[in-house]
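These notes concern the structure reproduced below.
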Amino acid sequence: MKPIEFEITREVRAPIEEVFARLVDIEGHNDWMAHRGSMLKRTRQTSPGEAGVGTTYVDQTRQGAMPGEIAVLERPYEIVYHWWQKSRAGKVKFEGWPSYNLESSTDGGTVVRHHAKMLAYGVWGLGAPMFRRMALKERTTTLEALKASFEQESR
């Protein structure tokens, strides 16, 4: 099974520490994530304490609840989320690893490289071309919402 992978890059007009803080604040995603054009309805951190490797969360989406965890966290340069969706029988149908790699730009902003990787298992793999289009749309919507959240603050 071949993974669905792509990368999107955007420049955000905010310092790297602020962009990282926004990305790692799971419950804060509800404040800036797109409410239109996205599958995500709400997200909720399900483990206590400050976000770190192993922190768990649940995304409420149009397709139902999708649990996940923080797989990699290197302040303020990288965060990798890992999510999955299971069938009623408990088998994993999909899993994904959306990651954000941040780099300070020369003008005081932040270059955000968003790498997305997704696997579809079993018969779900047959839908890979459609899932790739959906994932690209969702991830682009997310990055545009992140960028816009800082632009709205600077007005």
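This note's numbering runs 1206 ahead of the 1-based position in the sequence shown. Ideal Cβ positions, reconstructed from N, Cα and C, are used throughout, including at glycine.
Item                                                                                                                                                                       : Value
Quick check: threonine 1312 and isoleucine 1222, are their CB atoms within less than 8 Å of each other?                                                                    : no
Thinking just about the alpha-carbon of each residue, which of Arg1338, Gly1258, Met1324 and Ala1341 is nearest to the one in valine 1298?                                 : Met1324
Do the CB positions of histidine 1288 and alanine 1277 come within less than 8 Å of each other?                                                                            : yes
Do leucine 1349 and valine 1318 come within 8 Å of each other at the CB atom, strictly closer than that value?                                                             : yes
From the DSSP output, read off the bridge partner residues of leucine 1349.                                                                                                : Its beta-bridge partners do not exist; DSSP assigns none.
Apart from the five residues just before and just after glycine 1260, which ones in its own chain have a Cβ nearer than 8 Å to its Cβ?                                     : Ser1253, Glu1275 and Ile1276
With which residues is tryptophan 1290 paired in a DSSP beta bridge?                                                                                                       : Glu1301
Which residue spans inside the segment 1224 to 1266 form an unbroken alpha helix (DSSP H) run of at least 4?                                                               : 1235 to 1238
Please list, in chain order, all residues of the same chain as tyrosine 1283 whose beta carbon is under 8 Å from its beta carbon, the five residues on each side excluded. : Ile1222, Phe1226, Asn1307, Leu1308 and Glu1309
Using a Cβ-Cβ cut-off of 6 Å (strictly less than) and excluding sequence neighbours within five positions of alanine 1240, which residues of its own chain qualify?        : Thr1347 and Ala1351
Among His1235, Arg1338 and Gln1251, which has the Cα closest to the Cα of glycine 1302?                                                                                    : Arg1338
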